Amino acid sequence: MRLTQLLEHLKYEVVKGNDGIEITELINDSRKVTEGSVFVCISGAVSDGHAYAGEVAAKGAAALIVEKEVAVSEDITVIRVQDTRYALALMSAAYFGYPADHLKIIGITGTKGKTTTTYMVKSILEGAGRKVGLIGTIEAVIGGRSIPANNTTPESYTIHQYFAEMVKAGCDSVVMEVSSQGLMLHRTAGIPFEIGIFTNLGEDHIGPNEHKDFEDYKRCKGILFSQCRLGIANVDDPWYEDVFQNATCQVETFGMSEKADLCATDIEHITKPGYLGVRYHVNGLMDFDVEIDIPGDFSVYNSLTAIAVCRHFNVPAEKIQKALKVAKVRGRIEMVKVSDEFTMMIDYAHNAMSLESLLHTLRDYHPQRIVAVFGCGGNRSRTRRYEMGEVSGRMADFTIITSDNPRFEEPEAIIEDIVTGMKKTKGEYISICDRKEAIRYAIEHGRPGDVIVLAGKGHETYQEIKGVKYDMDDRILIREVLEEIRS
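See the structure below:
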């Protein structure tokens with residue numbers, strides 16, 4: 004492949020060398036550089052690829068893509084672009100033969116609901132006979148293969164590699180989570196999205212290594228709607244118009260208000276022993292009843308989003324109904340059968356906003372008690388701990404504070420920070436550092452009508468301590484506790 008083929012959709016300057024040279028590989032990790040490859044120098048938060056220019060040249064790289072000056076020998080080609088992250092995205096598409104052109108790509112962005120909605124869309128479309136790939140927070144799914152995820156939206160090279168593998172596996176469409184970070188860092192630049200979705204917006208991901216402020220967060224979310232054919236938006240979200248102010252796509256809306264193009268009405272919360280769900284009626288662009296085995300108004304929004312998407316794939320109402328009834332997402336309000344007297348669930352809620360939303364939802368089901376079991380991750384904002392403690396103290400009837408991923412901090416110190424937030428309220432609590440013992444306590448002290456939430460870990464199957472990830476899965480811990488209680 005000639006370098007000019009990779010650069011065909013970019014504006015660039017040949018600083019030295021020849022842009023017509025043959026290239027063996029496209030690389031953006033200096034450790035993986037091979038003879039004859041082109042290395043893209045990315046300026047990252049932790050390290051700057053430009054600092055490795057000499058090293059990769061010595062390894063035999065034939066060309067460098069840069070946005071700054073670099074000092075290398077005369078025999079290497081140097082191409083300068085305005086933004087190397089953007090260049091990597093467009094070069095990756097070219098390198099893999101533009102696989103996105105052979106797929107119907109659905110991108111979902113928003114603070115909450117991305118993961119659940121992607122699985123709902125996948126479930127419905129597959130029920131209608133399509134072969135669907137998935138890229139998201141939990142995993143990438145290609146055919147029958149699951150690849151654990153490191154980022155909600157992977158680096159652009161990985162995205163196009165996945166697209167190419169999906170095409171090879173016979174996929175005709177793909178549903179993917181599109182994070183604000185992914186948009187800001189051009190990971191999705193150049194992808195021809197068929198449909199872009201906006202779920203909602205809340206104040207999250209704002210900090211030194213993420214977004215500088217809420218305005219930047221909103222702006223980055225809006226990028227998706229300048230590169231999709233159709234935008235589908237939650238009209239009930241207060242930031243909807245801000246996010247879509249620069250949209251260039253056709254726009255449809257969903258929500259619970261009458262102004263929505265697709266509207267949910269007659270919402271009813273369902274409670275059975277060990278089970279919580281919701282049913283409602285869809286009005287507007289479609290007209291039918293829906294029942295979902297996942298509780299809460301946000302489940303209405305998530306499923307309504309999926310319906311709005313799948314309508315454009317001409318999926319019949321009966322197939323949508325059937326798929327939504329059985330749709331499950333690991334670690335997202337995941338019911339675990341423990342007792343006929345009380346309900347236990349696992350959820351990924353790991354910040355104050357998501358925990359408050361979850362507990363507020365559960366309160367709508369009028370449980371005897373809400374029992375929250377959670378910890379907070381180490382080497383993260385201490386403010387999150389105070390806030391989660393305060394939220395649980397206000398909204399749960401009883402809180403069991405335990406360990407999450409302590410990382411390089413002491414679990415007891417993290418728990419003390421959570422307790423600081425708890426003490427701002429009148430909430431009752433107990434601290435049990437060992438997560439399995441905390442779960443045991445919750446089960447052994449469960450009362451009829453209780454709803455017990457194990458929050459924070461969700462789909463995760465590990466606990467990170469001092470840089471090492473140890474096997475730990477809330478589902479396995481529950482099973483072990485039940486076996487020990489029975490014996």
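Quick note on our numbering: the sequence shown kicks off at 4 and runs consecutively. Here a beta-carbon is modelled for each residue, glycine too, at the ideal position from N, C-alpha and C. Here the structure is a predicted model, which is why all the values come from computation and not from measurement.
| Asked | Found |
| --- | --- |
| Whole-angstrom distance between Val-84 and Phe-527, CA atom to CA atom | Given that the chain is displayed from residue 4 to residue 490, the structure contains no residue 527 and the question cannot be resolved. |
| Segments of 4+ residues assigned as alpha helix (DSSP H) that fall wholly inside the segment 207-254 | 217-225, 243-246 |
| Those residues which DSSP pairs with Ile-349 across a bridge | Glu-337, Leu-457 |
| Contacts around Asp-400, its chain only, beta-carbon distance under 6 Å, and the 5 residues preceding and following it disregarded | Arg-372, Ile-373 |
| Cα-Cα separation between Asn-203 and Val-312, rounded to whole angstroms | 16 Å |
| As assigned by DSSP and simplified to three states, the class of Leu-67 | strand |
| Integer-rounded CB distance, given that Gly-380 should sit under 8 Å from Arg-410 | 6 Å |
| Any non-hydrogen atom of the ligand FMN within 7 Å of Ile-68 CB | Among the components of this structure there are no ligands whatsoever, and the ligand FMN is therefore not found. |
| Cβ-based burial, Tyr-122 [other Cβ within 10 Å; buried from 16] | buried |
| Helix, strand or coil at Gln-466 according to DSSP, with G and I counted as helix | strand |
| Beta-carbon proximity of Ala-54 to Ile-68, cut-off 8 Å | no |
| Limits of the unbroken beta strand (DSSP E) element including Glu-25 | That residue, Glu-25, is in no beta strand (DSSP E); it is neither H nor E in DSSP. |
| Check whether Ser-126 and Ala-330 have beta carbons under 8 Å apart | yes |
| According to DSSP, residues forming a beta bridge with Val-177 | Ile-108, Gly-136 |
| DSSP three-state assignment for Ser-126, whether helix, strand or coil | helix |
| Sufficient close CB pairs (3 or more, under 8 Å) joining the segment 151-162 to the segment 361-369 | no |
| Residue interval of the alpha helix (DSSP H) (run including Ser-159) | 159-171 |
| Euclidean distance between Cα positions of Leu-3 and Val-293 | Because the chain in this structure spans residues 4 to 490, residue 3 falls outside the shown range and cannot be described. |
| Three-way DSSP call (helix, strand, coil) for Leu-365 in this model | helix |
| Within the segment 263-347, ranges of the alpha helix (DSSP H) (whole runs, at least 4 residues) | 300-313, 320-329 |
| DSSP-derived helix/strand/coil call for Glu-11 | coil |
| Nearest to Ser-357 (by Cα), restricted to the options Phe-377, Met-338, Phe-345 | Phe-377 |
| Thr-386, enclosing alpha helix (DSSP H) - first and last residue | 385-398 |
| Close Cβ partners of Leu-227 (< 8 Å) along its chain, the five nearest in sequence each way excluded | Gly-110, Thr-112, Val-181, Leu-186, Thr-191, Phe-196, Gly-199, Phe-201, Gly-234 |
| Candidates Ser-342, Thr-428, Glu-412: closest to Val-471 by CA position | Glu-412 |
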